[in-house]
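Protein chains in written order, with the numbering used here: chain A, 1 to 510; chain B, 511 to 1020.
2 protein chains.
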Amino acid sequence: MARHAPTHPPLQPLRQARKLRRMHAALDLLRTLAREQALVASAASVIGWDQETYLPDAAHGWRAEQLAWLSEKAHQLATSSRWSDALTAAENEGSAPALTAAMRREHDRATKLPGELIAREAQAASLGKQAWAAARKNSDFNTFAPHLESLLHIAREKAERWGYPHEPYDALLDGYERDTRASDIATLFDSLRPRLRELAATAVERSATRRAQLPAGPYPIAAQQALNAEIAAALGFDFQAGRIDTTAHPFCTTLGPRDIRLTTRYDETDFTSSLFGVMHEAGHGLYEQGLPTSEFGLPSGQAASLGIHESQSRLWENHIGRSRPFWEKWLPKAAQHFPQLRTIELDDFLSAIHRAEFSPVRVEADEATYDLHILLRFDIERLLVAGELAVKDVPAAWNDRFRDLFGFLPPDDARGCLQDIHWSMGGLGYFPTYTLGNLNAAQLFAAANQIPEIATATAHADYAPLLGWLRENIHTRTALTSPADLIQAATGRAPSPDDHLHHLAQRYTA
Amino acid sequence: MARHAPTHPPLQPLRQARKLRRMHAALDLLRTLAREQALVASAASVIGWDQETYLPDAAHGWRAEQLAWLSEKAHQLATSSRWSDALTAAENEGSAPALTAAMRREHDRATKLPGELIAREAQAASLGKQAWAAARKNSDFNTFAPHLESLLHIAREKAERWGYPHEPYDALLDGYERDTRASDIATLFDSLRPRLRELAATAVERSATRRAQLPAGPYPIAAQQALNAEIAAALGFDFQAGRIDTTAHPFCTTLGPRDIRLTTRYDETDFTSSLFGVMHEAGHGLYEQGLPTSEFGLPSGQAASLGIHESQSRLWENHIGRSRPFWEKWLPKAAQHFPQLRTIELDDFLSAIHRAEFSPVRVEADEATYDLHILLRFDIERLLVAGELAVKDVPAAWNDRFRDLFGFLPPDDARGCLQDIHWSMGGLGYFPTYTLGNLNAAQLFAAANQIPEIATATAHADYAPLLGWLRENIHTRTALTSPADLIQAATGRAPSPDDHLHHLAQRYTA
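Given below as structure tokens:
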């Protein structure tokens, strides 16, 4: 048949297709290379997930070697000359400028660091984590200090290699929150400090006058797991493409385009601890599940930034999970799992979960005081990176600032400057994204609620319209858009702390 | 200090050490390459384990790609010219002849298969598994037949490339049970057939006269898990270097030198189903935990063969787990978990777990009839590989042989020639190792019981001396010794079916 058919009409589109394929040949190769790199990097993620969830104690040594091999291989692939050549060729093709620009950014950052430096950092971070765990246990900053010194040295070396507009901290921050500068954060945080301080003081004072408490436990773990899964599914988390396991600290990790793993931890005296953990991580997970799966491993399949990622977790944890409409629906359901909840009034329950308190430990802090912890950390790490604060002076600097913000001294360094794991892994420049997440969450939630259909559904604890809006305005926009542009486009306004302050004032001081 | 010390005495050993290092330079490089290869292969194992235990449904596609990448990389490393050169150089050094000989065997087998063939086999096996699952579900052999045809074609092609002494089946079998030939198995199985047939018939007849049954369930899963873990630990399984999870079919897999994962499945009406699964897999796991960890990834850190591996699982499952002394100790303990066991007599309990029955499905078969299933499969697959049986004639050939052995016809192909997964993954030549495992288990257990200290301890359900003997005589001997030599050295006799037949006769017909 085909041999007798007229040749011209079919050939025309065929030629076009060939031309199109030629036009995209470099981009196609680049996508193929990125897919391979994503396979290796995500294999490392599987192995890292297992390390936190199920790894037997004696297996850590071998596991570290497996992870190091896979991480090095993933880095090699992303910095190879094949990758570099394909990227340059794809840029010249010009068919996907936003994608190639984002890949250029990532590639340049990756290739500016020699393998030797990456290995040295991995080594220092591994030793640093161990030393930090022991130092925190004994509340002994001195044993951690030399490790922080090394990690700081490496962070500065990375910043110098990457380059920066004003100060080395900019280069570190840029890896977590692109196009954001330390001076912008400082200006923002300086303006927030007095308002947050006052708001927190009022919230804590009010909280002290109410004595609302959750009914006593036990809240059996199996019942917590059942309720958590029910709620995560009700938010829209797809258990066909994800699951929840148990770890020492809650997290969310992506093992493949349709494989998003959440974790939480359980407290038998307080079911809200694991639940808010799950809602927070499910917020991250919904973002990951909403990214375009066909673009996995490319900036066009990646989250925009940590500050945007954190906005999703905070939105679901705080704006939904701690709201009255949510508990109007879910308190009766929770009481089916936990009979002791049958008699508590909704108002008392909300008072209990809205307790505000000045406490030394960030991960146990409530919404009203949380950002103060971040302001403190940003100050310290910015000075450290700039070389304006010596490592040995960290405990004193921490305690001084803490007393100014919270009105008392941390009981010890374990609950002071040693409490967080971040610095021990070289994660300098990460902390500000938590508060950016809070601000973004409030701004996005306020904007979504301007849409009557969403506001009505959310007021009835139906979250499909809200999730749909987030999918459209945040999730599918990916890392091809900068965080600030994303917020501007989604909310019609530049990023601002107003909605967050308004939200805190409403919930904690109204 | 050091500069003033006399130079000669320290230099002498230093020179020797240097010379020694030079002498082993190639072996050291080979060990380094093997370690890297083991890192990659074991990373694939982690990912494969997760696939069977916790992978969300929608994630299978990406997971298959991750696995394919890691498997291909592991194959590339083991067949690289660096590896080949290092192996040749290490052979020339001559410092570890048994190790290099074993590595040469493996390397030659690996390099004889082109990557294209391996990829084609992986593809055919993946499609074959899917087609088999559907065919078994519908009991429709015709839809599986073309896949079996392809897999058989590939198996023959592999055999031709590997070469063989008499028939292509030898080359396939050699990959599972080295230095063993199809004709040896045929001679052995021919001699076993009438004796096993008679023994099974007597056992089934006797069993029918007793009506002993386990008390009715439910046996809650959490209680089964607690008892299984207690028993696995009592056998010597080290939970610091391993764990137990839940899967559709029990298995044991090694994710690293100190990371051995067992799985089982649960039946709430019969706690012995998960328990014997755990004891079987713990037998494999004890072997893996007993291998020298420093040699991980080398033949000097690997199990000797599948027939030896299976001897360990069968020994702990059948010779220990179905024995009177074991239940003298553990029935009262099991009754603490399951109150319905408090009133059953030990004799009745033993009768219940020693029930013999002619049934169509191998994985549900008891000890007395199990080997008949293997004899049948060996016959069929040997004829298939030799080209003396056409794929389309498999159901008829199966049913004829089954009726001769079992006295009735399988109810359908799903419970006949379609019941096992092995052929659908290209696993031709694997089945005989199950019966070799049974024979080896009985011979090893009989030999160990010749030692009074072991016999006495085992009679009191104290298994430390028995495990110690297995560690010394089997586990630490590794793949540097051939299966037959291992059995000869451990028991003082060539491999023989006598102890197995004696054991079955004692337990089922005495």
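Even glycine gets a Cβ: it sits at the ideal position worked out from N, Cα and C.
Note down, in chain order, every chain B residue with its Cβ under 7 Å from the Cβ of residue i.
| i | result |
| --- | --- |
| Y54(A) | R753 |
| P220(A) | Within 7 Å Cβ-Cβ: nothing; P220(A) doesn't reach chain B, min ~12 Å. |
| Q302(A) | Ordered by position in chain B, no residue passes the 7 Å Cβ test against Q302(A), which lies about 16 Å from the chain. |
As a quick exercise: from the options, pick the residue whose alpha carbon is nearest that of residue i.
| i | options | result |
| --- | --- | --- |
| L227(A) | H319(A), P497(A) and W330(A) | W330(A) |
| D28(A) | G321(A), D498(A), I260(A) and A90(A) | A90(A) |
| A390(A) | A208(A), T272(A) and N142(A) | N142(A) |
| R707(B) | F868(B), H676(B), P767(B) and S784(B) | F868(B) |
| L580(B) | Q547(B), N948(B), L928(B) and I818(B) | Q547(B) |
| Y776(B) | I770(B), L765(B) and T757(B) | T757(B) |
| L623(B) | L1011(B), D995(B) and H585(B) | H585(B) |
| E855(B) | I984(B), E838(B), Y729(B) and T563(B) | E838(B) |
| F326(A) | R362(A), L275(A), P360(A) and L375(A) | L275(A) |
| D499(A) | P395(A), R210(A), R362(A) and L436(A) | L436(A) |
| A535(B) | A568(B), R865(B), E603(B) and R688(B) | E603(B) |
Can you give me the C-alpha to C-alpha distance between residue i and residue j, rounded to a whole angstrom?
| i | j | result |
| --- | --- | --- |
| T943(B) | N950(B) | 10 Å |
| A241(A) | T253(A) | 12 Å |
| L262(A) | A479(A) | 22 Å |
| F806(B) | T991(B) | 16 Å |
| T712(B) | L915(B) | 13 Å |
| A641(B) | E670(B) | 26 Å |
| R981(B) | E367(A) | 57 Å |
| S126(A) | E149(A) | 14 Å |
| F431(A) | R120(A) | 23 Å |
| A967(B) | R691(B) | 38 Å |
| Y973(B) | W826(B) | 10 Å |
| Y679(B) | E820(B) | 20 Å |
| P760(B) | Y1018(B) | 26 Å |
| P842(B) | K129(A) | 47 Å |
| Q1016(B) | Y674(B) | 39 Å |
| N909(B) | H829(B) | 31 Å |
| D348(A) | S424(A) | 40 Å |
| W83(A) | G685(B) | 39 Å |
| S833(B) | A969(B) | 9 Å |
| R852(B) | A845(B) | 5 Å |
| P1007(B) | L702(B) | 8 Å |
| P566(B) | G256(A) | 10 Å |
| E740(B) | A59(A) | 21 Å |
Starting from residue i, follow the beta strand (DSSP E) in both directions and report where the run begins and ends.
| i | result |
| --- | --- |
| T111(A) | That residue, T111(A), is in no beta strand (DSSP E); its alpha helix (DSSP H) goes P97 to T111. |
| D972(B) | Note, D972(B): premise wrong, no beta strand (DSSP E); not H, not E. |
| G242(A) | G242 to T246 |
| T433(A) | Premise fails: T433(A) lies in the alpha helix (DSSP H), P432 to A448, not in any beta strand (DSSP E). |
| T180(A) | Looking at the DSSP string, T180(A) is not in any beta strand (DSSP E), and its letter there is neither H nor E. |
| G256(A) | C252 to G256 |
| I260(A) | D259 to T264 |
Using the beta-carbon of each residue, which ones in chain A are nearer than 8 Å to residue i?
| i | result |
| --- | --- |
| S552(B) | W62 and Q66 |
| D694(B) | The premise fails here: D694(B) is roughly 38 Å from chain A at the closest Cβ pair, so nothing lies under 8 Å. |
| V556(B) | V46, I47, D50 and Q66 |
| Q750(B) | P56, D57 and A58 |
Can you pull the chain A neighbours of residue i, defined as C-beta to C-beta under 9 Å?
| i | result |
| --- | --- |
| P607(B) | The contacting residues do not exist; P607(B) stays about 28 Å from chain A at best. |
| L549(B) | W62, E65, Q66, A68, W69 and L70 |
Where do the ends of the alpha helix (DSSP H) carrying residue i lie?
| i | result |
| --- | --- |
| T1019(B) | D1008 to T1019 |
| I380(A) | E367 to A386 |
| L331(A) | R324 to H337 |
How would you list, in chain order, the residues of chain A whose beta-carbon sits under 7 Å from the beta-carbon of residue i?
| i | result |
| --- | --- |
| L767(B) | The residue asked about is misnamed: residue 767(B) is Pro in this sequence, not Leu. Correct list: W62. |
For residue i, which residues in chain B fall below 8 Å Cβ to Cβ?
| i | result |
| --- | --- |
| E36(A) | W579 |
TODO: Could you tell me whether the stretch 727-746 of chain B touches the stretch 787-795 of chain B, using the rule of 3 or more Cβ pairs below 8 Å?
DONE: yes
Task: Stretch pair the stretch 577-589 of chain B + the stretch 794-804 of chain B: three plus CB contacts closer than 8 Å - done: no
TODO: Report yes or no: do the stretch 650-667 of chain B and the stretch 891-911 of chain B share at least 3 C-beta pairs separated by less than 8 Å?
DONE: yes
Task: Cβ contact (3+ pairs, closer than 8 Å) linking the stretch 548-558 of chain B and the stretch 55-68 of chain A - done: yes
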